[in-house]
Amino acid sequence: MAEDQLSLTFAALADPTRREILAHLAEGEATVNELAEPFSVSLQAISKHLKVLERAGLISRGRNAQWRPCRLEAAPLQSASDWIESYRAGWEERFDRLDQEIENLQHRMEANRENQRQDHQGQGDENDGR
1 MAEDQLSLTF AALADPTRRE ILAHLAEGEA TVNELAEPFS VSLQAISKHL
51 KVLERAGLIS RGRNAQWRPC RLEAAPLQSA SDWIESYRAG WEERFDRLDQ
101 EIENLQHRME ANRENQRQDH QGQGDENDGR
């Protein structure tokens, strides 16, 4: 069964090494050796990370004579961002409604306290008149 693109994207982003590779590629194309440089892992391990990123569509590899530069592909990141944004917007709306309900409740409580204070003052005035 083929995995959906969003699942592939999030699975690829789940690893901090792959996120660092993407951050590096956000600055421009790089070779496997350049991408491996900051990590204390083998080229084989970096190649495996690159295959995961490539399978998710997050990177592509070009051909330029003897070297194959890797480059960032933004479309899957945009899809993931859009998916997250749809949930964020929904929760934002819920929080706005909750804030409004809390504000309404506070106004009702203040009105009740004011009514109780006035009732007590009115009762005190009645008792003073006896």
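Take 1 as the starting number for the sequence shown in full-length UniProt numbering and just add one per residue.
Quick reminder that beta carbons are idealized off the backbone N, C-alpha and C, glycines included.
Since this is a predicted model, take the numbers as computed values, not measurements.
Residue closest to leucine 22, alpha-carbon to alpha-carbon, out of Glu54, Asn115, Asn64: Within the sequence shown, the letter at position 22 stands for residue 22. If we check each option's Cα against that of leucine 22, Glu54 comes out closest.
Distance CB(leucine 25)-CB(leucine 72) smaller than 8 Å: Stepping through the sequence shown from its first residue, residue 25 is reached at position 25. Stepping through the sequence shown from its first residue, residue 72 is reached at position 72. Yes, the Cβ-Cβ distance between leucine 25 and leucine 72 is below 8 Å.
CB-CB length for alanine 12 against alanine 56, believed under 8 Å: As a first step, residue 12 is located in the sequence shown; it is residue number 12 there, counting from the start. As a first step, residue 56 is located in the sequence shown; it is residue number 56 there, counting from the start. Contact holds; Cβ gap of about 4 Å.
As assigned by DSSP and simplified to three states, the class of arginine 18: Here residue 18 refers to the residue found at position 18 of the sequence shown. Helix.
Buried/exposed call for leucine 98, threshold 16 Cβ in 10 Å: Start at 1 with the first residue of the sequence shown, and residue 98 comes out as number 98. Label assigned to leucine 98: exposed.
Interface flag, glutamate 92 vs chain C, CB-CB below 8 Å: Looking for chain C here will not work: only one protein chain is present.
Spatial neighbours of glutamine 121 in its chain, beta-carbon cut-off 6 Å, leaving aside the 5 residues before and after: For the purposes of this step, residue 121 is identified with residue 121 of the sequence shown, where counting begins at 1. Cβ within range, chain order: n/a, list empty.
Terminal residues of the beta strand (DSSP E) in which arginine 55 lies: One-based indexing of the sequence shown puts residue 55 at position 55. It is not in any beta strand (DSSP E) - arginine 55 instead sits in the alpha helix (DSSP H) that spans 43-55.
Residue interval of the beta strand (DSSP E) (run including serine 60): Your numbering for residue 60 matches position 60 in the sequence shown. Its beta strand (DSSP E) spans residues 59-61.
Isoleucine 84, buried or exposed, once every other Cβ within 10 Å from all chains shown has been counted against 16: On the sequence shown, residue 84 is found 84 positions in, with the first residue counted as 1. So isoleucine 84 ends up on the exposed side.
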